[in-house]
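Chemist: For reference, each letter of the sequence shown is one residue, going 15 to 269 in my numbering.
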Amino acid sequence: MRKALSAFRQRVHSENRETEPILERHGHENTPPYITINNSDASVSCISTEEAATDTCPTCRGTGRIPRGQEKELVALIPYSDQRLKPQRTKLYVAIAVSCCFLVFFLVVFFLYPRSVTLDHAGVNSSLVTYDAPKSTVTLLTTNRLNISNYNLYGIDILSLNVQVLHLSVVVGTLNLKEVKRIGPLLTHQIFYTVESHVQDISTYEVCTWERIHVHNILLHVQGSLNFSYLGHVEQIPFDGYEYLDCHSNFSVPH
15 MRKALSAFRQ
25 RVHSENRETE
35 PILERHGHEN
45 TPPYITINNS
55 DASVSCISTE
65 EAATDTCPTC
75 RGTGRIPRGQ
85 EKELVALIPY
95 SDQRLKPQRT
105 KLYVAIAVSC
115 CFLVFFLVVF
125 FLYPRSVTLD
135 HAGVNSSLVT
145 YDAPKSTVTL
155 LTTNRLNISN
165 YNLYGIDILS
175 LNVQVLHLSV
185 VVGTLNLKEV
195 KRIGPLLTHQ
205 IFYTVESHVQ
215 DISTYEVCTW
225 ERIHVHNILL
235 HVQGSLNFSY
245 LGHVEQIPFD
255 GYEYLDCHSN
265 FSVPH
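#1: Indicate whether Phe125 and Asp171 have their beta-carbon atoms separated by less than 9 Å.
#2: Grab me the residues of Ile251's own chain with a C-beta within less than 7 Å of its C-beta, minus the 5 sequence neighbours each way, in chain order.
#3: Which same chain residues, not among the five before or five after Ser174, have their C-beta less than 6 Å away from its C-beta?
#4: Who does Phe206 pair with in a DSSP beta bridge?
#5: Around the Cβ of Leu197, are there at least 16 other Cβ atoms within 10 angstroms (buried) or fewer (exposed)?
#6: Quick one, are the C-beta atoms of Gln214 and Val186 less than 9 Å apart?
#7: Pull the bridge partners of Lys195 from the DSSP assignment, please.
#8: Drop a sphere of 10 angstroms on the beta-carbon of Asn164, count the other beta-carbons inside from all chains shown, and report buried for 16 or more, exposed for fewer.
#9: Does the distance from the C-beta atom of Asn158 to that of Asn139 stay below 9 Å?
#10: Kindly indicate the opening and closing residues of the alpha helix (DSSP H) around Thr272.
#11: Let's see if you can read the secondary structure: which residues bound the beta strand (DSSP E) around Leu259?
#12: What are the residues that DSSP puts in a beta bridge with Gly83?
#13: Where Thr153 and Cys222 are concerned, what is the direct C-alpha to C-alpha distance, given to the nearest angstrom?
#14: Under 9 Å, do Pro128 and Asn176 count as touching if we go by C-beta distance?
#15: Terminal residues of the continuous beta strand (DSSP E) containing Val143?
#16: Quick one: residues in its chain with C-beta nearer than 6 Å to the C-beta of His181, no 5 flanking neighbours on either side, listed in chain order?
#17: Tell me which residue opens and which closes the alpha helix (DSSP H) that Tyr107 is part of.
#18: May I ask you to report which of helix, strand or coil DSSP gives Ile216?
#19: DSSP has Ser211 in a bridge; who is on the other side?
#20: Just to confirm the assignment, what range does the beta strand (DSSP E) spanning Tyr243 have?
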């Protein structure tokens, strides 16, 4: 009987010891309930609690790391009060960016917008007159002046100049000049060109050679076109003008 009672007491005592905690928790009552598990292979840390022994994290399944290939499938929760959701001076930055865009656009349009290029037939610079009595022909070698004004904010290239001289609606002289010249922005340049005209008309020949006539003027109509390019674009500008020449004098000084 005594042996049985002693065995029963030992069994009860062992059961009471099994219910006691293995490690004493003196001084650990304020331990934070969350523990961060760091791992070099984990892209996101997993969080475990005191109940990790019974409840595992559904994301990492208690391994402390996220399986590879699931980084893009998971969503991170950020508190609404997080400062990253409330960037400062957003309106200011947006206003500065929009202002800079408008400023750049305005400058590009202001500098690259095509402006006018004008031509001014400035008349005759000098002339040389000769006669051919058997053919009743008056030959005039005239040097004319053409003013070109560039109002653009970039330079232009002169490609060619085509000129026709008419007398009484008849073409008496032509000129095709292909000479590349550069005219800078907001500048006016002069081009001198020489045209040889042959007027074969008895009345004109008599007007130029008779001494009894005090006025020996001949009227020439000059018309032509100027080809120029800018920013890879080619344009043509026409011009015309009239010239009164003293065909009795052998040589006319510039005027």
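Glycine is no exception: its CB is placed at the ideal position from the N, C-alpha and C atoms. All values reported here derive from a predicted model rather than from experimental measurement.
Modeler: Walking through what the data contain:
#1: The count along the sequence shown starts at 1 and reaches residue 125 at position 111. The count along the sequence shown starts at 1 and reaches residue 171 at position 157. No, they are not a contact pair.
#2: Position 237 of the sequence shown holds residue 251. Val131, Leu133, Ser239, Leu240.
#3: The sequence position of residue 174 within the sequence shown is 160, counting from 1. Counting only Cβ-Cβ distances below 6 Å, and skipping sequence neighbours, we find Lys192, Asn241.
#4: Taking the sequence shown and counting its residues from 1, one reaches residue 206 at position 192. The partner list for Phe206 (beta bridge, DSSP) reads Arg159.
#5: The residue labelled residue 197 in the question sits at position 183 within the sequence shown. According to the sequence provided, residue 197 is Ile. The question's Leu does not apply to it. Label assigned to Ile197: buried.
#6: Translated into positions along the sequence shown, residue 214 becomes position 200. Translated into positions along the sequence shown, residue 186 becomes position 172. Yes; because the gap between Cβ atoms is below 9 Å, this pair is in contact.
#7: Numbered from its first residue, the sequence shown carries residue 195 at position 181. In DSSP, Lys195 forms a bridge with Ile172.
#8: Along the sequence shown, read from residue 1 onward, the residue named residue 164 stands at position 150. Buried: at least 16 other Cβ atoms inside 10 Å.
#9: Taking the first residue of the sequence shown as position 1, residue 158 is located at position 144. Taking the first residue of the sequence shown as position 1, residue 139 is located at position 125. Cβ distance < 9 Å, so Asn158 and Asn139 count as in contact.
#10: Since the displayed the chain opens at 15 and closes at 269, residue 272 lies outside it and no answer follows.
#11: Taking the first residue of the sequence shown as position 1, residue 259 is located at position 245. Its beta strand (DSSP E) spans residues 247 to 260.
#12: On the sequence shown, position 69 is the one that residue 83 refers to. BP columns for Gly83 are empty, so no partner.
#13: For the purposes of this step, residue 153 is taken as residue 139 along the sequence shown, with counting starting at 1. For the purposes of this step, residue 222 is taken as residue 208 along the sequence shown, with counting starting at 1. Rounded to whole angstroms, Thr153 to Cys222 spans 11 Å at the Cα level.
#14: If you number the sequence shown from 1, residue 128 lands on position 114. If you number the sequence shown from 1, residue 176 lands on position 162. No, Cβ-Cβ distance for Pro128 and Asn176 is not below 9 Å.
#15: Residue numbering aside, residue 143 sits at position 129 when the sequence shown is read from its first letter. Its beta strand (DSSP E) spans residues 131 to 146.
#16: Position 167 of the sequence shown, counted from the start, is the residue given in the question as residue 181. Same-chain partners within the cutoff: Val213, Leu234.
#17: The residue labelled residue 107 in the question sits at position 93 within the sequence shown. Here the alpha helix (DSSP H) through Tyr107 covers 104 to 126.
#18: Counting from one through the sequence shown, the residue named residue 216 turns up at place 202. Residue state, collapsed to three classes: helix.
#19: Counted from its first residue, the sequence shown places residue 211 at position 197. DSSP, once it has assigned bridges, lists Leu154 as partnering Ser211.
#20: Walking along the sequence shown from the start, residue 243 turns up at place 229. Reading off the sequence shown, one finds Ser at residue 243, where the question assumed Tyr. Residues 231 to 244.
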